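In order, the protein sequences belong to chains A and B. Each residue of the first sequence is one higher than the one before, starting from 1 at the first, in our numbering. Each residue of the second sequence is one higher than the one before, starting from 110 at the first, in our numbering. Heads up, the thing below is written out as structure tokens.
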Amino acid sequence: LAKTTQPISMDSYEGQEVNITCSHNNIATNDYITWYQQFPSQGPRFIIQGYKTKVTNEVASLFIPADRKSSTLSLPRVSLSDTAVYYCLVGPYGQNFVFGPGTRLSVLP
Amino acid sequence: EAGVAQSPRYKIIEKRQSVAFWCNPISGHATLYWYQQILGQGPKLLIQFQNNGVVDDSQLPKDRFSAERLKGVDSTLKIQPAKLEDSAVYLCASSERRLAGYEQYFGPGTRLTVT
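Here it is in structure tokens:
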């Protein structure tokens, strides 16, 4: 399975757009990219998944360049409640269960 | 729709004792996962079931950990005997192939402290 690298932590202010980039240089042709969010004392929650180009849902957008060696999770206009750990997972469809240490996002007032 | 249920939520035991965790997945979800999450780390997959069969248990320490999913619904994860390094949150998740992105739904977890 592809190894992923994300920033350990990020700070932002309420109302700003936050972009978290994940590097996955050895991504395989049949791998998908999935992002999960985890609040303290809760299990992770699925945010978004994509294979190429751009995917958008009501929560976030996922940008994947043509070479697919990285991906960027974009959270529009964050609020304090978006403070959480965000995980990038890479693996074949239905086999995305290798979690790294994630990115700890702190949203400040 | 009810979420993934886990019990107990907290457990404190002494080393060398035994402990069991229970998980009830979302109704209709054929795939069930058990993860171990040590403080400050991401979850680590221990075992994956498809219905009542094991798909992947390559990271399950089989000398002390065991899991079963009788009748393809509820599941139990057991540790016997526990070690200090087993202190962690044990997360159960379930999924279903028909779900967009094959997303996993996680329960609240069981926080285990081994003293």
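Note that CB positions come from ideal geometry on N, CA and C, so glycine has one too. All values derive from a computational prediction rather than experimental measurement.
query = Does G112 (chain B) come within less than 7 angstroms of chain A when only Cβ atoms are used?
reply = For this step, residue 112 (chain B) is matched to residue 3 along the second sequence. False, the Cβ-Cβ gap to chain A never drops below 7 angstroms.
ask   = Going along the chain, which residues of its own chain have a beta-carbon closer than 7 angstroms to the beta-carbon of Q95 (chain A), five neighbours each way excluded?
value = Taking the first sequence and counting its residues from 1, the one referred to as residue 95 (chain A) is at position 95. Contacts found: none.
ask   = Hey, which unbroken runs of the beta strand (DSSP E) at 3 residues or more fall wholly within the stretch 13-41 of chain A?
value = Counting only runs of 3 or more, we get 18-23, 31-38.
inquiry  = Could you tell me the alpha carbon to alpha carbon distance between L113 (chain A) and V128 (chain B), rounded to whole angstroms?
reply    = Nothing can be reported for residue 113 (chain A), as the shown portion of chain A is limited to 1 through 109.
query = Comparing alpha-carbon positions, which option in B:W143, B:E123, B:G112 lies nearest S184 (chain B)?
reply = Within the second sequence, numbered from 1, the residue matching residue 184 (chain B) stands at position 75. Among B:W143, B:E123, B:G112, the Cα nearest to that of S184 (chain B) is on B:W143.
request  = Kindly give me the distance between the Cβ atoms of P44 (chain A) and Y87 (chain A), rounded to whole angstroms, as I take these residues to be in contact under 8 angstroms.
outcome  = Position 44 of the first sequence, counted from the first residue, corresponds to residue 44 (chain A). Position 87 of the first sequence, counted from the first residue, corresponds to residue 87 (chain A). Sure, about 6 angstroms apart at Cβ, within 8 angstroms.
key: Residue from A:V59, A:G50, A:V55 whose Cα sits closest to the Cα of S81 (chain A)   = In the first sequence, the residue the question calls residue 81 (chain A) occupies position 81. Selected option, being the one with the closest Cα: A:V59.
ask   = Where do the N-terminal and C-terminal ends of the beta strand (DSSP E) with D82 (chain A) fall, by residue?
value = The sequence position of residue 82 (chain A) within the first sequence is 82, counting from 1. Membership of D82 (chain A) in any beta strand (DSSP E) is not indicated, and neither H nor E is assigned to it by DSSP.
key: Bridge partner(s) assigned by DSSP for Q115 (chain B)   = Counted from its first residue, the second sequence places residue 115 (chain B) at position 6. B:C132.
message = Considering only their Cβ atoms, is the gap separating G50 (chain A) from I27 (chain A) smaller than 7 angstroms?
response = Indexing the first sequence from 1 puts residue 27 (chain A) at position 27. Indexing the first sequence from 1 puts residue 50 (chain A) at position 50. The answer is no: Cβ separation not under 7 angstroms.
ask   = What residues match up with D11 (chain A) in a beta bridge as DSSP calls it?
value = Within the first sequence, numbered from 1, the residue matching residue 11 (chain A) stands at position 11. According to DSSP, which records beta bridges pairwise, D11 (chain A) is partnered with A:S106.
query = Nearest-angstrom Cα distance between G181 (chain B) and R77 (chain A)?
reply = Along the second sequence, read from residue 1 onward, the residue named residue 181 (chain B) stands at position 72. Along the first sequence, read from residue 1 onward, the residue named residue 77 (chain A) stands at position 77. Answer to the nearest angstrom: the Cα atoms are 42 angstroms apart.
key: Test item: CB-CB of Q38 (chain A) and V98 (chain A) under 7 angstroms   = Indexing the first sequence from 1 puts residue 38 (chain A) at position 38. Indexing the first sequence from 1 puts residue 98 (chain A) at position 98. Contact flag unset, no.
query = Is any beta-carbon of chain A found at less than 7 angstroms from that of L200 (chain B)?
reply = In the second sequence, counting from the first residue as 1, residue 200 (chain B) sits at position 91. In terms of beta-carbon proximity, L200 (chain B) lines the interface with chain A, with at least one pair separated by less than 7 angstroms.
message = Buried or exposed, going by whether 16 or more other CB atoms sit within 10 Å of the CB of V107 (chain A)?
response = For this step, residue 107 (chain A) is matched to residue 107 along the first sequence. Buried: at least 16 other Cβ atoms inside 10 Å.
task = Identify whether D165 (chain B) lies in helix, strand or coil by the three-state DSSP scheme.
result = The sequence position of residue 165 (chain B) within the second sequence is 56, counting from 1. Here D165 (chain B) sits in strand by DSSP.
inquiry  = I'd like to know whether the C-beta atoms of G218 (chain B) and V113 (chain B) end up nearer to each other than 7 angstroms.
reply    = As a position in the second sequence, residue 218 (chain B) is number 109, starting the count at 1. As a position in the second sequence, residue 113 (chain B) is number 4, starting the count at 1. Pairing G218 (chain B) with V113 (chain B) gives a Cβ-Cβ distance that is not under 7 angstroms.
query = Exposed or buried, what is D11 (chain A) when buried is set at 16 or more other beta-carbons lying within 10 Å of its beta-carbon?
reply = Counting from 1 along the first sequence, the entry for residue 11 (chain A) is found at position 11. Counting of Cβ neighbours within 10 angstroms places D11 (chain A) among the exposed residues, the total staying below 16.
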